[in-house]
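Heads up, the sequence shown is in the numbering used here, so the first residue is 1395 and it goes up one at a time.
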Amino acid sequence: MAAQCCCRKAPGAEAAPARPPPEPPPALDVASASSAQLFRLRHLQLGLELRPEARELAGCLVLELCALRPAPRALVLDTHPALRLHSAAFRRAPNAATAAEPPCAFAFATPGPGSTPPPPLPAFPEGPGAEPSCCPLAFRVDPFTDYGSSLTVTLPPELQAHQPFQVILRYTSTDAPAIWWLDPELTYGSAKPFVFTQGHSVCNRSFFPCFDTPAVKCTYSAVVKVLMSATKSTYVEEEGVYHFHMEHPVPAYLVALVAGDLQPADIGPRSRVWAEPCLLSMATSKLSGVVEQWLSAAERLYGPYMWGRYDIVFLPPSFPIVAMENPCLTFVISSILECDEFLVIDVIHEVAHSWFGNAVTNATWEEMWLSEGLATYAQRRITTETYGAAFTCLETAFRLDALHRQMKLLGEDSPVSKLQVKLEPGVNPSHLMNLFTYEKGYCFVYYLSQLCGDPQRFDDFLRAYVEKYKFTSVVAQDLLDSFLSFFPELKEQSVDCRAGLEFERWLNATGPPLAEPDLSQGSSLTRPVEALFRLWTAEPLEQAAASASAIDISKWRTFQTALFLDRLLDGSPLPQEVVMSLSKCYSSLLDSMNAEIRIRWLQIVVRNDYYPDLHRVRRFLESQMSRMYTIPLYEDLCTGALKSFALEVFYQTQGRLHPNLRRTIQQILTQGLGPSAEPSAEQGGAGAEAEGDVDTPALLLGDEAPSSAIALRDVNVSA
């Protein structure tokens, strides 16, 4: 069982990781209970034991800190009810000899006769030159929000300002929202257990106690041991201990880990893919050579890639989002391998995050657009350099179409349509993640680029912006002040105050973007889509169908076909004769295409109650275990006359679904049903599973509450 951590693998005993330079206190973050403003976090060390049989993670966390003022009474960290703290201790910063020691070691005890204790917790070592003992600290855990708790650790009273010290915490974490344990049958290979973590936005407080805010960054190191249960009373180690370190400071949400039956294959001079053996060949063939092209294009635009390696790990379909930009090791859902163009866009988006999001990070979740809007702009610049402007304009048109669809559903006065959203205390920041963050943010960045009159001059600005702020966290004013300083002629023209296009209005007005990009360079690809859609909505139908059948969509790009089907979805329900003609013309062809195409056609089938093609819906749901494809269909099935069909398919397939996904579908199925019609525990009702609950679902990313009016298909984006 290979273990991977999102950092460079330590090549043996090395000097301690470089410490970040002094920074001002972090911005206030209402999503964090921590006392981050009172301390500087220099480094964190993790010693982890993964216990798949028990679905439990045991940890030893060492935080290296400095107080920013004398005698702080307590250290407050973000934590979670799923995380059980066993002890807290204090010691002064170790000397250089200790710093070279592994961060955490593992101590194992032999069970006594007849006893069946769990394996012991990781233990902090007393290395050469260390203090004779650590001083135990009192601690308490208090409620904070429904997505976390606060951990208060009492500190020694004599602590001085700027005096380095360590806090050592030993804990176990079970049923944590950040940690996804998969039985072998929920993987593609069905061979071994699998585990991965997903920290965005505020889940990693259930992985390890931390300053869980993007305003705080530090370097980290980790020692990971994977345990497999040999018998009920003993545990055995599988494939040794893995040492990792991250030499650049990152926020807590970017610390991530995956362990499973993973094999590597090189795809470039600084990139490899990791995948289950049955997927490795496909992943390699799709990405060999091209990732290096994308990295090189990004470097030409925005400066050197600073993270060393750019590896990609493909995860089973339980991965709750499409992709995640964890430094050095991007996480991608394996389902996307079927869809070449979506794979290209999603991975390039994560490449762009290496500069925008990972190197320069939004200081609070209220300004998530700083990472996502800039990464989307950079993604499209990289795509243009690599694949041409027409393809980029097509993809942009497809996403802006989805933005307007989402805006229609939410309403133009929705507060989440602001770029600078006000996060109320207690609201999960994941609820702010939507297409406005990406596409309205992109439109603002594009508008800034147009003010320069030359995209290359704007590239030069972004390169300077990254160089100035790399490894720090920023607010919108930092970006805008830097922009006006870099282009003093624009500052003299007061471009930030142009009527109707004021920067403040861009940030704080609800509704659509104040300006959208010129996509005329993609007209060769978008015009055929618009023409075909007009044919199918024209009169008379017989003539329209005959003309439409002459257009060979099998030669279209995926984004063209998806855009065409989205337009039909927007117009549903359609007249039954139109649906019959569409099915006759396209159903068999679309059924042979990738999942992004099939899901759209099947939604048209369901929204129009077209029974002749329901067998295709059944077959699709029987083969799909990913929430990105199952949730939209179940939502559509349960809003019409097909609830009984949905229940029947779910009962037949629920055993192959992750418990979290199973529970979400159960909630969808019970909506609008009377008490006597609710699925029972035996049938797979809500009482059937009690473990693995996720935090408050992430609005608009596929984890949305079932009562949401917005289907995942409308907002499917990468993190």
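Heads up, the beta-carbon is just placed ideally off N, CA and C, and yes, glycines get one too.
Spatial distance of residue i from residue j (CA atoms)
i: L1842; j: E1789; result: 20 Å
i: P1907; j: S1879; result: 24 Å
i: A1757; j: S1765; result: 10 Å
i: S2038; j: I1727; result: 30 Å
i: Y1859; j: S1876; result: 7 Å
i: V1707; j: V1667; result: 6 Å
i: P1857; j: Q1439; result: The displayed chain sequence assigns Arg, not Pro, to residue 1857. Their backbone Cα atoms lie some 32 Å apart in a straight line.
i: S1748; j: W1701; result: 8 Å
i: V1470; j: L1651; result: 25 Å
i: A1944; j: K1586; result: 49 Å
i: P1714; j: R2021; result: 7 Å
i: G1916; j: R1793; result: 13 Å
i: A2113; j: L2008; result: 32 Å
i: P1569; j: A1692; result: The question names Pro, but residue 1569 in the sequence shown is Asp. Approximately 39 Å between the Cα atoms of the pair.
i: G2081; j: P2053; result: With a pLDDT of only 28 at G2081, under 50, the local geometry of the prediction cannot be trusted, and the value read off the model is given with reservation. Rounded to the nearest angstrom, the two C-alpha atoms are 12 Å apart.
i: P1558; j: L1545; result: 21 Å
i: L1444; j: H1642; result: 25 Å
i: T1786; j: T1777; result: 6 Å
i: S1481; j: P2026; result: 44 Å
i: A2035; j: F1538; result: 42 Å
i: S1595; j: V1716; result: 15 Å
i: L1467; j: H1556; result: It should be noted that the sequence gives Arg, not Leu, for residue 1467. Taking the straight line joining both Cα atoms gives about 15 Å.
i: F1838; j: V1741; result: 23 Å
i: P1513; j: L1803; result: Its pLDDT being 49, under 50, P1513 is placed unreliably by the model, and the measurement read from it follows with that caveat. Whole-angstrom Cα-Cα distance: 51 Å.
i: R1564; j: I1573; result: 17 Å
i: V1815; j: E1886; result: 29 Å
i: Y1458; j: V1754; result: Correcting the residue type first, residue 1458 is Glu in the shown sequence and not Tyr. Roughly 23 Å separates the two Cα atoms.
i: P1809; j: T1904; result: 6 Å
i: W1759; j: L1817; result: 8 Å
i: T1678; j: T1866; result: 34 Å
Exposed unless 16 or more other CB atoms sit within 10 angstroms - verdict on residue i
i: G1820; result: exposed
i: Q1970; result: exposed
i: C1529; result: exposed
i: C1846; result: buried
i: A1476; result: buried
i: D1960; result: buried
i: N1720; result: buried
i: N1902; result: exposed
i: D2003; result: exposed
i: G2049; result: exposed
i: L1826; result: buried
i: S1358; result: The structure shown does not extend to residue 1358, since the chain spans only 1395 to 2113, so no value can be given for it.
i: Q1997; result: buried
i: Q1398; result: buried
i: D1423; result: buried
i: D1472; result: buried
For residue i, the nearest candidate out of the options (CA to CA)
i: R1799; options: K1680, P1809, N1828, L1422; result: N1828
i: L2041; options: H2052, R2050, I2059, S1867; result: I2059
i: L1935; options: G1905, S1975, S1917, P1710; result: S1975
i: E1686; options: E1735, P1714, P1671, V1745; result: V1745
i: A1942; options: G1965, S1977, G1916; result: S1977
i: Q2065; options: C2032, Q2046, N2054, V2043; result: C2032
i: R1992; options: P1967, L1673, D2003, Y2023; result: Y2023
i: A1483; options: A1646, D1660, A1532, L1435; result: A1532
i: I1463; options: F1602, P1419, W1763; result: Going by the sequence as given, residue 1463 is Arg instead of Ile. The candidate whose alpha carbon is nearest that of R1463 is P1419.
i: Q1560; options: L1959, C1460, E1579, L1968; result: C1460
i: K1619; options: G1654, T1607, G1894; result: G1654
i: Q1871; options: L1884, A1893, C1891, F1897; result: F1897
i: Y1704; options: G1697, L1695, L1689, S1712; result: L1689
i: L1681; options: P1663, L1695, R1599; result: P1663
i: V1923; options: L1957, T1724, E1761; result: L1957
Those residues which DSSP pairs with residue i across a bridge
i: Q1560; result: E1458, R1485
i: A1373; result: Lying before the first or after the last residue shown, residue 1373 is absent from the chain, which here runs from 1395 to 2113.
i: W1950; result: According to DSSP, which records beta bridges pairwise, W1950 is partnered with nothing at all.
i: S1567; result: L1451, L1477
i: S1682; result: None; S1682 has no bridge partner.
i: Q1398; result: V1652
i: L1545; result: L1471, V1535
i: Q1439; result: V1456, S1615
My parser needs the alpha helix (DSSP H) runs of 4 or more residues fully inside the stretch 1816-1859; what are they?
1835-1846
Quick check for students: name the residue ranges of the alpha helix (DSSP H) that lie wholly in the stretch 2009-2058, counting only runs of 4 or more.
2021-2031, 2037-2047
Of all the beta strand (DSSP E) runs that stay within the bounds of the stretch 1974-2010, which reach a length of 3 or more residues?
none
In chain order, which alpha helix (DSSP H) runs of at least 4 residues are fully inside the stretch 1696-1751?
1734-1747
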